[in-house]
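The sequence shown begins at 1 in full-length UniProt numbering and counts up one residue at a time. Glycine included, every Cβ here is placed at the ideal spot set by N, Cα and C. Inspection log for the structure reproduced underneath, given as structure tokens.
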Amino acid sequence: MEQTERAVSEDHRGTTGNAGTSRTRGSGGAGAPAWQAPLHPLNLADLVVHAGEGIAWAGGHGTYSPEFEEFRDHPDEAFARVIALGLAPGAALALRQQVTGAMRAAGILDAGGEVINAGYVEAQQQQDIFAHVGGGLGDQLWALLRYARAIGL
């Protein structure tokens, strides 16, 4: 896995600038807006801007506890969905390391990254864990994940 992560981080560090679009994905469940995929992988800040309509839609559909739990319990799948939206794999790797570190510091994961608190994590603690991820955009990962699931990614 380390070799794969190194190759990913060397290949796709994330880009900035005008995202453009390359393909449209139809509307998902619960009326999620259609997705216009970026022409190239983006860093988190640019993906948040690009996916603004989907993020706004996701914010109107309850708390993000299911998304928090997916990042905790199934990080491979969670980050794969966000990469499928257009997050650069290298950016995803860096964010995953930040999320893992924050969850370790909060006592959710052990030093090896295994879940040691699989129970419900209070909303405030969830927010605290993601508050410093991605330069303050960590909570947007939840909305991106919800939107990705809604459109079938």
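Secondary structure in the region 33-82: the beta strand (DSSP E) runs of 3 residues or longer, each lying completely within the stretch, are 35-37 in chain order. P38 has its alpha-carbon roughly 13 Å from the corresponding atom of G52. The three-state reading of DSSP puts L145 in helix, counting H, G and I together. Boundaries for D110: no alpha helix (DSSP H) harbours it, and the DSSP string shows neither H nor E there.
Per DSSP, L137 is not a residue of any alpha helix (DSSP H), being assigned neither H nor E. With at least 16 other beta carbons inside 10 angstroms of its own, E70 counts as buried.
In this structure, L141 is the residue among G119, L141, N117 with its C-alpha nearest to the C-alpha of Q127.
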